[in-house]
Amino acid sequence: IYYIVGAWFLAAELFLFFCVFAFGRRKGRKAGYLPGHSWKAMSWVLVPAVVILGFDLAIDHQQVPMWRAIKEKLPPADQTVTVKGKQFVWDITHPGADGKLGTEDDKQTMNQLYVPVDKVIHLNLEAEDVIHSFFIPNLRFKQDVVPGRSIKGWFKAVKTGQYKISCAELCGVGHGNMGGWIHVLSEQDYQKWLRGEEITTTSRLDKDSL
Numbered sequence: 019i020y021y022i023v024g025a026w027f028l029a030a031e032l033f034l035f036f037c038v039f040a041f042g043r044r045k046g047r048k049a050g051y052l053p054g055h056s057w058k059a060m061s062w063v064l065v066p067a068v069v070i071l072g073f074d075l076a077i078d079h080q081q082v083p084m085w086r087a088i089k090e091k092l093p094p095a096d097q098t099v100t101v102k103g104k105q106f107v108w109d110i111t112h113p114g115a116d117g118k119l120g121t122e123d124d125k126q127t128m129n130q131l132y133v134p135v136d137k138v139i140h141l142n143l144e145a146e147d148v149i150h151s152f153f154i155p156n157l158r159f160k161q162d163v164v165p166g167r168s169i170k171g172w173f174k175a176v177k178t179g180q181y182k183i184s185c186a187e188l189c190g191v192g193h194g195n196m197g198g199w200i201h202v203l204s205e206q207d208y209q210k211w212l213r214g215e216e217i218t219t220t221s222r223l224d225k226d227s228l
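Numbering (the numbering used here), first residue to last: 19 to 228.
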């Protein structure tokens, strides 16, 4: 999508510069006054507006059901994690061996999210101070985190590895350093992590996650 948008942007800018130099002010040439009251003049605005509106309605027709499926009807959770954003860290609470939050065996981490592969993970997203945005590029997951609210989100990671977490909302002078990692582990390695045993994760970074 970046290449498509970039190509159209470049074409539009080149056309703009062409018009500036080709039809700019010249000696002995009087500028015309176009009031824009005729249908011919207004068509240059109305026709593109109708075309853009048509594209927008078509996109809405496709995206609204998808939005509802992703945001309104969450699939049953295999695990629930609480993520609290605060300047300039992610405070993450995982369920312990009992699989439940709010018990004595909860595991607390800073900027490090551990999840088992192929499991539906629900997130309780909270903010302590200002608005943040919890962003995992590789999972196509991004959600604003607002003080005073607990916002639900979910994902299902299908490949083991280590992926970048970022804050995608300007939240102060340390915003650029507010990040972390999500460790997607096999079930065996995840159970080892719960027991406090040493594990290793394979990095699967690409240019979209940086």
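We treat Cβ as the ideally placed atom computed from N, Cα and C, and that holds for glycine.
Predicted model, so just to flag it, every value in this text is computed and none were measured.
- The C-alpha of residue 126 lies about 7 Å from the C-alpha of residue 109.
- Here the alpha carbons of residue 99 and residue 128 stand approximately 13 Å from one another.
- In the structure shown, residue 51 falls within a coil segment according to DSSP collapsed to helix, strand and coil.
- For the options 88, 173, 28, the alpha carbon positioned closest to that of residue 155 is the one of 173.
- Straight across, the Cα-Cα distance linking residue 33 with residue 25 is about 12 Å.
- Your pair residue 145 and residue 102 checks out as a contact, with CB atoms roughly 7 Å apart and the cut at 8 Å.
- Annotation: residue 20 to residue 158 spans about 15 Å, alpha carbon to alpha carbon.
- Its Cα nearest to that of residue 171, the residue 142 stands out among 197, 194, 142.
- Excluding sequence positions up to five before and after residue 186, its CB lies within less than 7 Å of the CB of 151, 153, 160, all in the same chain and listed in chain order.
- Bridge pairing for residue 159: 154 [DSSP].
- Between residue 181 and residue 200, the beta carbon gap of about 5 Å places them in contact (Cβ cut-off 8 Å).
- Counting only runs that start and end inside the segment 142-213, the alpha helix (DSSP H) elements of at least 4 residues fall at 205-212.
- At the C-beta level, residue 134 and residue 208 come within 8 Å of one another.
- The beta carbon of residue 59 is closer than 8 Å to those of 52, 53 in its chain, skipping five residues each way along the sequence.
- Boundaries of the beta strand (DSSP E) harbouring residue 103: 97-104, taken from the DSSP string.
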